[in-house]
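Residue numbers (my numbering), protein chains in the order written: chain A, 1 to 394; chain B, 395 to 517. Virtual Cβ for every residue (Gly too), placed ideally from N, Cα, C. These numbers were taken from a predicted model, which means no experiment stands behind them. Notes follow once the structure below has been shown.
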C-alpha cells in the first residue's frame with residue numbers, strides 16, 4: 001500500500017471521544033462498596049457496583065470491564081466461584097480480578113485467591129490510596145489496549161477503504177476499456193461492411209462490363225440475329241453457373257471438378273459416359289474459376305457444333321493434374337467425332353479460349369487438330385487462396 | 395500518317411478483347427492488351443504509345459506504377475475503374491477517369507480527345 005494513502009484518509013475520520021474504562025465493584029456490603037467507590041471516583045472512570053455474584057455476572061454479560069474488584073466472602077455465589085465463572089468465559093477471561101478480603105492474611109487464602117484467577121489482593125478495610133494506585137494500573141493498561149485496538153481497527157478500516165477504492169477504480173477502468181473495445185469492434189465491423197459493399201459493387205460493375213463485352217463480341221461474330229441470341233444467352237448462362245458456384249462458396253475457393261461439372265452440365269448427353277472429367281482435387285481462386293468456366297463452355301459448344309459431341313458416338317475427356325503444386329495442367333481430348341477440319345481463321349470462341357488462358361490466367365494453351373479429334377493442352381499457375389478478402393463475413 | 399498507338403492495360407480477358415476490337419475498328423493500333431504492371435512495362439520498352447487506357451485495379455496490383463512511367467514520357471493516360479468511389483492519387487487527379495461499364499463511344503471520344511491535346515502540344 002502506498003505510504004501517502006494513510007494520512008490523507010485519516011484526516012477524513014471524525015475525532016474519537018476519549019474512551020473510559022469500566023470498573024466493576026462486587027460486594028454485598030454496602031459500606032465497603034461505597035468506600036471503594038469513593039476511593040476510585042477521582043480516577044474519572046465508570047464505576048459499576050454489583051451487590052452479589054449473580055448481579056456481577058449479569059453486568060459482565062453486557063459490558064467489558066477494565067478490572068473487577070471482588071469481595072471474597074459473599075452469601076450465595078462467593079468470590080471464588082464468581083472468579084471461576086469469569087475465567088471460564090471467553091469474553092471475560094482477560095479481565096483482571098482484584099480480591100477484596102477481610103479474612104486472615106494467611107497463605108492458604110492467598111493461594112486459593114491466586115489460583116482462582118486473582119491478579120492482586122486488597123485487604124479490608126481498604127486504604128483508598130493503595131486501592132486507587134492498584135486500580136489505576138489496570139485502568140491504564142485497559143485504556144492502552146483499547147487504544148491499540150482502535151488503532152488496529154482504524155488501520156483495517158483504512159485498508160479496506162483503500163482496497164475498495166482500488167477495486168472500484170479497477171472495475172471502472174475495465175468498464176471503460178470494454179466500452180472502448182466495443183466501440184472499436186463496432187467501427188471495425190462497419191468498416192468491414194463498407195469494404196464488402198464496395199467489393200460487391202465493384203464485382204457487379206465488372207460483371208456488367210464483361211456482359212457488355214460478351215454481347216458486342218458475340219454480335220460482331222454472329223452472321224444472323226438468331227445465332228447471336230442463342231450464343232449470347234448460352235455464354236451468359238455459363239458465366240452465371242460459375243458465379244452461382246462461387247456464391248455458394250462465399251467467393252472463397254472452389255474445386256476445379258465443380259467448375260467442370262457446372263460448366264459441362266448443359267452439354268451432358270443422355271449417355272453420360274460420353275463426357276468424362278477426372279483429376280486430383282485443386283482449389284481455384286474466383287478469378288481462375290470464372291476464366292475456366294468460360295473456357296469449358298467454349299470447348300463444349302465447339303464440340304457440340306463441330307466436334308466429338310456432334311455425332312452419336314464421339315467422346316470427350318477432360319483431365320487435369322497438378323505440377324509441383326503450382327502449375328495446373330489440363331487436357332481436353334475429343335475422340336470419335338467427325339473428320340477434323342482445322343478452321344481457316346480463329347473464331348471468337350477460339351480467341352476467347354486463348355485470351356482466357358494467356359491473359360486472364362497468365363498461362364498457355366495449344367490447340368491441336370489431330371486426326372483422331374481436337375486436343376487442347378492448357379496450363380496456368382495456381383493462385384494460392386486467399387490472396388484477397390472474399391465475401392464471407394469473416 | 396501512321397495509326398496512333400493505344401496501350402491497353404486490363405486484366406479481364408473479355409474486357410481487354412472488347413477494348414482491343416473497339417480501338418482497332420476505329421483505326422488505332424493497340425499495344426497489348428497487357429494484363430499486369432509487369433507486362434505493361436515490358437511493352438513500353440518495345441513501343442511508344444500515344445495514349446494509354448489503364449484499368450485501375452489489376453487484381454493483385456494497381457496500375458499507378460505504369461501511370462507514373464507514362465506521365466514521365468508525357469504520354470496521355472485515360473483511367474478505367476469499376477469502383478464507384480475511385481480516388482486517383484494527387485499526381486493523376488487531373489487525368490480522365492472513365493466508369494465501368496463503359497459505352498464504346500465514350501471510350502473512343504476520350505481517346506480522340508487525348509490525341510488532340512497531344513497534337514496541340516499540351517502536356
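Residue j beta carbon less than 8 angstroms from that of residue i
i	j	result
residue 254 (chain A)	residue 289 (chain A)	yes
residue 279 (chain A)	residue 263 (chain A)	no
residue 395 (chain A)	residue 407 (chain B)	It is not possible to answer for residue 395 (chain A), since the shown part of chain A is limited to 1 through 394.
residue 188 (chain A)	residue 214 (chain A)	no
residue 126 (chain A)	residue 35 (chain A)	yes
residue 371 (chain A)	residue 334 (chain A)	no
residue 356 (chain A)	residue 291 (chain A)	yes
residue 427 (chain B)	residue 450 (chain B)	no
residue 281 (chain A)	residue 246 (chain A)	no
residue 72 (chain A)	residue 39 (chain A)	no
residue 79 (chain A)	residue 70 (chain A)	yes
residue 337 (chain A)	residue 310 (chain A)	yes
residue 597 (chain B)	residue 504 (chain B)	The structure shown has nothing for residue 597 (chain B), since chain B only spans 395 to 517.
residue 260 (chain A)	residue 296 (chain A)	yes
residue 98 (chain A)	residue 60 (chain A)	no
residue 198 (chain A)	residue 479 (chain B)	yes
CA-to-CA distance, residue j to residue i, given in whole angstroms
i	j	result
residue 381 (chain A)	residue 225 (chain A)	38 angstroms
residue 56 (chain A)	residue 157 (chain A)	34 angstroms
residue 484 (chain B)	residue 431 (chain B)	20 angstroms
residue 473 (chain B)	residue 437 (chain B)	18 angstroms
residue 404 (chain B)	residue 283 (chain A)	25 angstroms
residue 410 (chain B)	residue 207 (chain A)	13 angstroms
residue 25 (chain A)	residue 101 (chain A)	13 angstroms
residue 317 (chain A)	residue 299 (chain A)	11 angstroms
residue 452 (chain B)	residue 476 (chain B)	11 angstroms
residue 23 (chain A)	residue 31 (chain A)	17 angstroms
residue 446 (chain A)	residue 28 (chain A)	Nothing in the structure corresponds to residue 446 (chain A), since chain A is present only between 1 and 394.
residue 6 (chain A)	residue 144 (chain A)	Caution applies to residue 6 (chain A), whose pLDDT of 46 falls short of 50 and renders its modelled position unreliable; the value that the coordinates give is listed next. Cα to Cα, residue 6 (chain A) sits roughly 22 angstroms from residue 144 (chain A).
residue 364 (chain A)	residue 325 (chain A)	17 angstroms
residue 141 (chain A)	residue 65 (chain A)	12 angstroms
residue 447 (chain B)	residue 270 (chain A)	47 angstroms
residue 92 (chain A)	residue 83 (chain A)	10 angstroms
residue 211 (chain A)	residue 465 (chain B)	32 angstroms
residue 497 (chain B)	residue 209 (chain A)	9 angstroms
residue 340 (chain A)	residue 303 (chain A)	11 angstroms
residue 313 (chain A)	residue 305 (chain A)	14 angstroms
residue 178 (chain A)	residue 439 (chain B)	57 angstroms
residue 301 (chain A)	residue 190 (chain A)	45 angstroms
residue 321 (chain A)	residue 342 (chain A)	27 angstroms
residue 53 (chain A)	residue 76 (chain A)	8 angstroms
residue 435 (chain B)	residue 182 (chain A)	47 angstroms
residue 351 (chain A)	residue 377 (chain A)	15 angstroms
residue 170 (chain A)	residue 176 (chain A)	10 angstroms
residue 413 (chain B)	residue 174 (chain A)	59 angstroms
residue 511 (chain B)	residue 229 (chain A)	41 angstroms
residue 354 (chain A)	residue 294 (chain A)	11 angstroms
residue 493 (chain B)	residue 172 (chain A)	52 angstroms
residue 243 (chain A)	residue 237 (chain A)	10 angstroms
Close-in-space but distant-in-sequence residues of the same chain around residue i (CB under 6 angstroms, 5 per side omitted)
i	result
residue 422 (chain B)	397, 398, 400
residue 388 (chain A)	In this prediction, residue 388 (chain A) has a pLDDT of 46, which is less than 50 and means its spatial position is unreliable; what the coordinates show is noted afterwards. Excluding sequence neighbours, residue 388 (chain A) sits near nothing in its chain.
residue 96 (chain A)	67, 119, 138
residue 417 (chain B)	400, 424
Cut-off 7 angstroms between Cβ atoms - residues of its own chain near residue i, not counting five sequence neighbours on either side
i	result
residue 508 (chain B)	445, 470, 472
residue 124 (chain A)	32, 100, 101, 102
residue 231 (chain A)	218, 222
residue 116 (chain A)	80, 83, 84
residue 136 (chain A)	43
residue 349 (chain A)	298, 301, 302
Close Cβ partners of residue i (< 8 angstroms) along its chain, the five nearest in sequence each way excluded
i	result
residue 9 (chain A)	Residue confidence for residue 9 (chain A) is low, a pLDDT of 46 falling below 50, so the modelled location carries little weight; the figure read from the coordinates is stated next. Cβ within range, chain order: 158, 161, 162.
residue 373 (chain A)	307, 308, 314, 333, 334, 335, 336, 337, 340
**Message:** Taking beta-carbon pairs under 9 angstroms, can you tell me which members of the region 186 to 205 of chain A lie near chain B?
**Reply:** 198, 201, 202, 203, 204, 205
**Asked** Using Cβ-Cβ distances below 8 angstroms, what residues of the region 420 to 437 of chain B are close to chain A?
**Response** 427, 429, 430
**Request:** Anything in the region 203 to 229 of chain A with a Cβ closer than 7 angstroms to a Cβ of chain B? List those residues in chain order, please.
**Result:** Taking 7 angstroms as the Cβ-Cβ cut-off against chain B, the residues of the region 203 to 229 of chain A that qualify are 205, 206, 208, 209, 210, 212, 213, 214, 216, 217, 220.
**Message:** Measuring CB atoms only, is the region 453 to 464 of chain B touching the region 483 to 502 of chain B, in the sense that at least three cross pairs come out at less than 8 angstroms?
**Reply:** Taking a cut-off of 8 angstroms for Cβ pairs, the region 453 to 464 of chain B and the region 483 to 502 of chain B touch, as three or more such pairs fall below it.
**Request:** Select from the region 268 to 282 of chain A all residues with a C-beta closer than 9 angstroms to any C-beta belonging to chain B, and list them in chain order.
**Result:** none
**Asked** Going along the chain, which residues of the region 326 to 356 of chain A sit with their C-beta nearer than 8 angstroms to a C-beta in chain B?
**Response** 351, 352, 355, 356
**Message:** Closer than 7 angstroms between beta carbons: that is the criterion. Which residues of the region 357 to 383 of chain A meet it against chain B?
**Reply:** 359, 360, 362
**Message:** Tell me which residues of the region 286 to 315 of chain A have at least one Cβ-Cβ distance to chain B shorter than 8 angstroms, keeping chain order.
**Reply:** So the list reads 287, 291, 294, given in the order they occur along the chain.
**Message:** Can you pull out the residues from the region 401 to 415 of chain B whose beta carbon lies closer than 9 angstroms to at least one beta carbon of chain A?
**Reply:** Here the close residues are 404, 405, 406, 407, 408, 409, 410, 411, 412, 413, 415.
**Request:** Check distances from the C-beta atoms of the region 476 to 489 of chain B to those of chain A and list, in chain order, the residues that come in under 8 angstroms.
**Result:** 476, 477, 478, 479
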